[in-house]
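Participant:
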Amino acid sequence: QKEVEQDPGPLSVPEGAIVSLNCTYSNSAFQYFMWYRQYSRKGPELLMYTYSSGNKEDGRFTAQVDKSSKYISLFIRDSQPSDSATYLCAMSTGFQKLVFGTGTRLLVSP
Amino acid sequence: DTGVSQNPRHKITKRGQNVTFRCDPISEHNRLYWYRQTLGQGPEFLTYFQNEAQLEKSRLLSDRFSAERPKGSFSTLEIQRTEQGDSAMYLCASRQSPQGHEQETQYFGPGTRLLVL
């Protein structure tokens, strides 16, 4: 079993929809949680960062962490075709390597 | 451009050849990481440096792989006697020294895409 599980998708939604992306994990020592966006053949771009449990909002993006359930989520409001990309969750125990999910491919149609 | 840079962006080589990739981190970042990403997978950790010291190596990093960061600035990743299974995107990331919980984030370069024929 992988430390971090993420549905690979693809997830197809119409423009303007609310998108929900999720990851589960097994290592209770993870304290730092990130979401990266990766366009085809590009490096991952940091979207959201959260320490420990709670919510964080940045524009159309909201990240949630529930450590008791070992579950993290990323919500995208008013999705745009330019949001079409692969979304990677990543987490770490602190100041060392990141452990990534497989990534969820999102397709937003006009 | 003050982001992480990687060179070359693409490399095609024949099986058995040696290849070397370079990473230039963000200038004030003293931690540098290498990851490998294959198609349809998330990046997998290979190794990381704090300044010039290599602090951790993954079991994925066979003895054909070697990484250096001689002056604590840029880093090189060399693969000797390449195999077809080495074909992947090699990603470099950097970050600041830990100065609190907000400094955990890593910033990635564009990657070097390797194809071994």
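First to last, the protein sequences are chains A and B. Start counting the first sequence at 208; every next residue gets the next number (the working numbering). Start counting the second sequence at 576; every next residue gets the next number (the working numbering). By construction, the Cβ of each residue, glycine as well, lies at the ideal position given by its N, Cα and C atoms.
On a Cα-Cα basis, can you pick out the residue from B:K589, B:Q671 and B:P583 that is closest to V691 (chain B)?
Facilitator: Checked all of B:K589, B:Q671 and B:P583; the closest Cα to V691 (chain B) is B:K589.
Participant: By how many angstroms is the C-alpha of M664 (chain B) removed from the C-alpha of S233 (chain A)?
Facilitator: Between S233 (chain A) and M664 (chain B), the C-alpha separation is close to 26 Å.
Participant: Would you identify the three-state DSSP class for Q208 (chain A), choosing helix, strand or coil?
Facilitator: If DSSP states are grouped into helix, strand and coil, Q208 (chain A) belongs with coil.
Participant: When the Cα atoms are used, what is the spatial distance from M255 (chain A) to N582 (chain B)?
Facilitator: Approximately 27 Å, taken between the alpha carbons.
Participant: For chain A, check one thing: does any of its Cβ atoms lie closer than 8 Å to the Cβ of E631 (chain B)?
Facilitator: So, interface residue.
Participant: Classify R644 (chain B): buried if its beta carbon has 16 or more other beta carbons within 10 angstroms, exposed otherwise.
Facilitator: R644 (chain B) should be labelled buried.
Participant: Using the beta-carbon count (16 or more within 10 Å), is A236 (chain A) buried or exposed?
Facilitator: So A236 (chain A) ends up on the exposed side.
Participant: Is there a C-beta anywhere in chain A that falls below 8 Å from the one on P685 (chain B)?
Facilitator: Yes, contact with chain A.
Participant: Run down chain B in chain order and give the residues with a C-beta less than 8 Å from the C-beta of K249 (chain A).
Facilitator: Within 8 Å Cβ-Cβ: P685 and G686.
Participant: On a CA-only basis, which of B:S648, B:P618, B:F624 and B:G647 is nearest L635 (chain B)? Give me that one, please.
Facilitator: Comparing Cα-Cα distances from L635 (chain B) to each of B:S648, B:P618, B:F624 and B:G647, the minimum goes to B:P618.
Participant: Ordered along the chain, which non-local residues of its own chain (more than five positions away) have a Cβ less than 7 Å from that of G301 (chain A)?
Facilitator: Excluding sequence neighbours, G301 (chain A) sits near Q238 and Y239.
Participant: Residues of the segment 608-619 of chain B in Cβ contact with chain A at a cutoff of 9 Å, in chain order, please.
Facilitator: So the list reads Y608, Y610, Q612, G615, Q616, G617, P618 and E619, given in the order they occur along the chain.
Participant: Straight-line CA distance for G250 (chain A) to K209 (chain A)?
Facilitator: Going from the Cα of G250 (chain A) to the Cα of K209 (chain A) covers about 22 Å.
Participant: Can you have a look at I283 (chain A) and say buried or exposed, based on whether 16 or more other CB atoms are within 10 angstroms of its CB?
Facilitator: Classification for I283 (chain A): buried.
Participant: Would you say N626 (chain B) and N605 (chain B) are within 8 Å of each other, going by their C-beta atoms?
Facilitator: A contact, by the Cβ cut-off of 8 Å.
Participant: For D273 (chain A), tell me which candidate among A:C230, A:G223, A:L218 and A:D265 has the shortest Cα-Cα distance.
Facilitator: Selected option, being the one with the closest Cα: A:C230.
Participant: Identify the contact partners of T309 (chain A) in chain B, using a Cβ-Cβ distance below 8 Å as the criterion.
Facilitator: Residues of chain B passing the Cβ test: G615, Q616 and G617.
Participant: Would you mind giving the Cβ-Cβ distance between P217 (chain A) and T309 (chain A), rounded to the nearest angstrom? I have them listed as a contact below 8 Å.
Facilitator: Actually they are not in contact, since the Cβ atoms of P217 (chain A) and T309 (chain A) sit about 12 Å apart, beyond 8 Å.
Participant: In whole angstroms, what is the alpha-carbon distance linking K646 (chain B) and C667 (chain B)?
Facilitator: For K646 (chain B) and C667 (chain B), the distance between alpha carbons rounds to 17 Å.
Participant: Whose C-alpha, out of B:T680, B:G684 and B:Y610, is nearest the C-alpha of M241 (chain A)?
Facilitator: For the residues B:T680, B:G684 and B:Y610, the minimum Cα distance to M241 (chain A) belongs to B:T680.
Participant: Are V315 (chain A) and P288 (chain A) touching if we call contact CB-CB under 8 Å?
Facilitator: In this structure, P288 (chain A) lies closer than 8 Å to V315 (chain A) by Cβ.
Participant: Give the residues from the segment 642-671 of chain B that approach chain A closer than 9 Å (Cβ to any Cβ), ordered along the chain.
Facilitator: Cβ contacts with chain A: M664, L666, C667, A668 and R670.
Participant: Can you tell which of A:E264, A:D265 and A:D290 has the C-alpha that lies nearest to the C-alpha of G223 (chain A)?
Facilitator: Closest option to G223 (chain A), Cα to Cα, is A:D290.
Participant: Assign A628 (chain B) to one of two classes, buried (16 or more other C-beta atoms within 10 Å of its C-beta) or exposed (fewer than that).
Facilitator: That one is exposed.
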